[in-house]
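Top to bottom, those sequences are chains A and B. Each residue of the first sequence is one higher than the one before, counting from 685 in the working numbering. Each residue of the second sequence is one higher than the one before, counting from 685 in the working numbering. First up is the structure itself, then whatever we jot down about it.
Number of protein chains: 2
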Amino acid sequence: MNDIASATETSAPYEPKTLVEAAYKRLRRDIIEGVHPPGEKLRVEHLKDQYEVGAGTLREALQLLVTDALVVAQGQRGFRVAPISIADFEDITRTRVLLETEALRQSLARGDDAWEAALVASFHRLSRAEQKLSEGDLDTTEEWERRNRAFHETLIAACPSRWIRHFQNILYQQSERYRRLSLFRQPVARDVHAEHQALFEAALARDVTRATSILSEHILRTLDAVKRMPIDVLNGKPATH
Amino acid sequence: MNDIASATETSAPYEPKTLVEAAYKRLRRDIIEGVHPPGEKLRVEHLKDQYEVGAGTLREALQLLVTDALVVAQGQRGFRVAPISIADFEDITRTRVLLETEALRQSLARGDDAWEAALVASFHRLSRAEQKLSEGDLDTTEEWERRNRAFHETLIAACPSRWIRHFQNILYQQSERYRRLSLFRQPVARDVHAEHQALFEAALARDVTRATSILSEHILRTLDAVKRMPIDVLNGKPATH
DNA sequence: GTTTCCCGAAATCTCGAGAATTGTTATTGA
DNA sequence: TCAATAACAATTCTCGAGATTTCGGGAAAC
Numbered sequence: 685m686n687d688i689a690s691a692t693e694t695s696a697p698y699e700p701k702t703l704v705e706a707a708y709k710r711l712r713r714d715i716i717e718g719v720h721p722p723g724e725k726l727r728v729e730h731l732k733d734q735y736e737v738g739a740g741t742l743r744e745a746l747q748l749l750v751t752d753a754l755v756v757a758q759g760q761r762g763f764r765v766a767p768i769s770i771a772d773f774e775d776i777t778r779t780r781v782l783l784e785t786e787a788l789r790q791s792l793a794r795g796d797d798a799w800e801a802a803l804v805a806s807f808h809r810l811s812r813a814e815q816k817l818s819e820g821d822l823d824t825t826e827e828w829e830r831r832n833r834a835f836h837e838t839l840i841a842a843c844p845s846r847w848i849r850h851f852q853n854i855l856y857q858q859s860e861r862y863r864r865l866s867l868f869r870q871p872v873a874r875d876v877h878a879e880h881q882a883l884f885e886a887a888l889a890r891d892v893t894r895a896t897s898i899l900s901e902h903i904l905r906t907l908d909a910v911k912r913m914p915i916d917v918l919n920g921k922p923a924t925h
Numbered sequence: 685m686n687d688i689a690s691a692t693e694t695s696a697p698y699e700p701k702t703l704v705e706a707a708y709k710r711l712r713r714d715i716i717e718g719v720h721p722p723g724e725k726l727r728v729e730h731l732k733d734q735y736e737v738g739a740g741t742l743r744e745a746l747q748l749l750v751t752d753a754l755v756v757a758q759g760q761r762g763f764r765v766a767p768i769s770i771a772d773f774e775d776i777t778r779t780r781v782l783l784e785t786e787a788l789r790q791s792l793a794r795g796d797d798a799w800e801a802a803l804v805a806s807f808h809r810l811s812r813a814e815q816k817l818s819e820g821d822l823d824t825t826e827e828w829e830r831r832n833r834a835f836h837e838t839l840i841a842a843c844p845s846r847w848i849r850h851f852q853n854i855l856y857q858q859s860e861r862y863r864r865l866s867l868f869r870q871p872v873a874r875d876v877h878a879e880h881q882a883l884f885e886a887a888l889a890r891d892v893t894r895a896t897s898i899l900s901e902h903i904l905r906t907l908d909a910v911k912r913m914p915i916d917v918l919n920g921k922p923a924t925h
């Protein structure tokens with residue numbers, strides 16, 4: 685089978701069988717979480733010690749990250765963490781709406797009983813995490829991340845288009861980076877659970893118009909949060925400065 | 685600036701400054717043109733001689749091709765030319781319609797005088813090539829390829845979304861591979877020029893509905909051609925067998 | 001006749017060192 | 001004091017060789 689985006693696939697707990705992939709995953713995580721802030725120069729000589737691999741191996745991992753547009757390679761001047769900007773995030777968000785609503789449309793048209801069951805299950809898991817979060821248990825933030833992503837993935841899981849899902853994965857990854865970088869300023873806020881609940885019910889009812897409408901606004905709402913980001917973050921400074 | 689897709693950008697005559705990029709470009713071309721048929725195993729040891737680079741260098745070039753989904757990397761079992769299938773091409777085509785019509789919509793809404801001028805120019809160049817082609821001059825096929833792509837790129841050039849254009853580039857590349865592989869059976873056919881003419885006029889008139897409609901059908905029509913491909917091509921055999 | 005196991009060959013993956021390019025600093029001259 | 005040039009240092013890019021893993025054929029066992 686033509687397994688597009690095996691590199692960015694996250695649904696299956698894929699076990700990295702090579703050092704390149706292992707380094708790739710660790711690097712990707714560190715970039716998304718802001719350990720390597722936007723614009724930072726990624727020197728191979730320094731990073732190969734930190735990630736405990738050879739120089740050539742790390743280079744390949746960096747090339748893979750260019751795929752996800754998390755790293756940019758400049759001619760003969762090495763690698764750099766992809767810069768960020770409000771315009772870019774706006775682009776990401778609007779394109780995400782375009783793709784994700786189409787995916788949802790197709791998913792609602794094709795989803796069978798098994799899909800419905802999976803949706804109920806993942807919504808339940810997400811609800812539990814959101815409940816704990818609202819009770820002040822901040823340790824579950826990490827877990828909520830995963831369940832949130834899982835819920836959104838399940839929503840469009842019945843979409844038969846591998847390409848749409850592939851592109852959607854890349855964009856989700858990108859927006860996640862922006863969201864992480866803006867988190868410390870805009871903690872959780874919003875009644876996200878209510879939005880998820882409405883989305884879930886509309887999906888189960890196969891109300892395409894309503895579901896896509898809710899999903900659009902759900903995604904677009906994150907735009908405001910990021911637009912209020914402090915400027916120094918956009919310039920690639922570390923979040924703590 | 686966040687230069688997404690520097691690897692797949694083709695509009696600017698980007699000069700490869702590193703051996704990796706040079707090998708990447710040559711390999712990509714050979715894969716699209718069918719020199720390396722779908723499913724073929726890409727052995728580093730053999731290819732490094734053919735492309736006159738080191739083993740590590742070629743590995744990096746192959747990793748870059750994974751980005752474009754022209755090559756798939758399997759765990760510890762090396763690289764392979766991405767397989768093809770009718771289902772995959774159908775997916776590619778429909779997703780292309782989704783993205784390219786949206787891009788055209790935005791482009792028509794934003795295109796200024798300079799864009800109009802560029803569109804007139806590229807359409808003129810394309811028309812000339814199509815005229816020569818209809819006169820039986822088969823040497824211009826290569827040139828027609830470029831001008832056809834240029835025309836379609838100019839159409840959506842005023843679309844401000846880098847991400848949509850990025851994804852569109854990838855999909856265009858993919859569909860080009862399918863088209864090349866099916867060429868020997870379905871040479872040129874269709875009155876492509878008439879379609880281009882109608883598309884051009886609708887775009888100049890800023891008739892969004894008409895333009896997107898024509899573009900959709902224009903893209904979808906290639907589906908039929910590929911669906912009539914001989915089966916052995918789909919199985920990854922060389923086109924000459 | 002079919003399956004299983006084992007071993008050799010081939011290919012992949014990984015690493016460190018050398019050549020080429022870029023960015024910086026110091027020196028010279030006006 | 002400032003601009004231009006030249007040498008230096010740092011980093012990137014490239015290459016070939018060694019360790020690990022996978023693939024294929026053949027013999028033995030059931």
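Note that CB positions come from ideal geometry on N, CA and C, so glycine has one too.
Asked, Found
"Taking Cβ-Cβ distances shorter than 9 Å, what residues in chain A pair up with B/I840?", "What B/I840 touches in chain A: nothing, since even the nearest Cβ is about 14 Å away."
"From the DSSP output, in three-state form, read off A/K732 for me.", "helix"
"Do A/H902 and A/E879 count as a contact pair if the criterion is CB distance below 8 Å?", "yes"
"State yes or no: is the beta carbon of B/I770 nearer than 8 Å to at least one beta carbon in chain A?", "no"
"Note down, in chain order, each residue of its chain lying with its Cβ closer than 6 Å to the Cβ of A/S791, except the 5 sequence neighbours on either side.", "I840, A842 and C843"
"Check distances from the C-beta atoms of the region 735-751 of chain A to those of chain B and list, in chain order, the residues that come in under 8 Å.", "G740, R743, E744, Q747, L748, V750 and T751"
"Is the shortest distance between the beta-carbon of B/F884 and the beta-carbons of chain A less than 8 Å?", "no"
"Just the Cα atoms here: how many angstroms apart are B/L888 and A/L748?", "40 Å"
"So does B/W847 have its beta carbon nearer than 7 Å to some heavy atom of the ligand FAD?", "With respect to small molecules bound, the structure shown includes none, and the ligand FAD cannot be examined in it."
"In three-state DSSP terms, what is A/K725?", "strand"
"With distances taken Cα to Cα, identify the nearest neighbour of A/V876 among A/S811, A/I776, A/L803 and A/V737.", "A/S811"
"To the nearest angstrom, how far is the alpha carbon of A/R861 from that of A/V892?", "29 Å"
"If you draw a straight line from the alpha carbon of B/P722 to that of B/L904, how long is it in whole angstroms?", "23 Å"
"Using a Cβ cut-off of 8 Å (strictly closer), state whether B/G759 contacts chain A.", "yes"
"Does the region 782-789 of chain B come within contact of the region 817-827 of chain B, defined as at least 3 CB pairs closer than 8 Å?", "no"
"Considering only their Cβ atoms, is the gap separating A/S845 from B/R863 smaller than 8 Å?", "no"
"By the three-class DSSP mapping on this structure, what secondary structure does A/R912 have?", "coil"
"Closer than 7 Å, Cβ to Cβ, to anything on chain B: give me those residues from the region 786-802 of chain A, in chain order.", "E786"
"List the endpoints of the continuous beta strand (DSSP E) containing A/V756.", "V755 to A757"
"With H, G and I counted as helix, E and B as strand and the rest as coil, what does DSSP make of A/R764?", "strand"
"Tell me the residue span of the alpha helix (DSSP H) that contains A/R890.", "Looking at the DSSP string, A/R890 is not in any alpha helix (DSSP H), and its letter there is neither H nor E."
"Can at least three beta-carbon pairs, one atom from the region 744-760 of chain B and one from the region 733-747 of chain A, be found at a separation below 8 Å?", "yes"
"Closer than 8 Å, CB to CB, is B/R710 near chain A or not?", "no"
"Identify which residue in B/Q758, B/A707 and B/R890 has its Cα closest to the Cα of B/R794.", "B/R890"
"How big is the Cα-Cα spacing for B/R710 and B/T702?", "13 Å"
"Under a CB-based cut-off of 8 Å, is B/W828 close to chain A?", "no"
"Could you tell me whether the region 762-772 of chain A touches the region 733-741 of chain A, where touching means 3 or more Cβ pairs closer than 8 Å?", "no"
"Please list, in chain order, all residues of the same chain as B/N832 whose beta carbon is under 7 Å from its beta carbon, the five residues on each side excluded.", "L810"
"Measuring alpha carbon to alpha carbon, tell me which of B/V719, B/V910 and B/F835 ends up nearest B/E885.", "B/F835"
"Compute the Euclidean distance between the alpha carbons of A/A805 and B/R780, then round it to the nearest angstrom.", "33 Å"
"For B/G740, name the three-state secondary structure that DSSP assigns.", "helix"
"Could you check where the alpha helix (DSSP H) with B/E826 kicks off and where it finishes?", "T825 to L839"
"For B/A798, which of B/T838, B/D775 and B/I768 has the nearest alpha-carbon?", "B/T838"
"Nearest-angstrom Cα distance between A/V704 and B/I715?", "24 Å"
"What did DSSP end up calling A/T702 once you bin it into helix, strand or coil?", "coil"
"Tell me, to the nearest whole angstrom, how far the beta carbon of A/A707 is from that of A/V737; I am working on the premise that it is less than 8 Å.", "5 Å"
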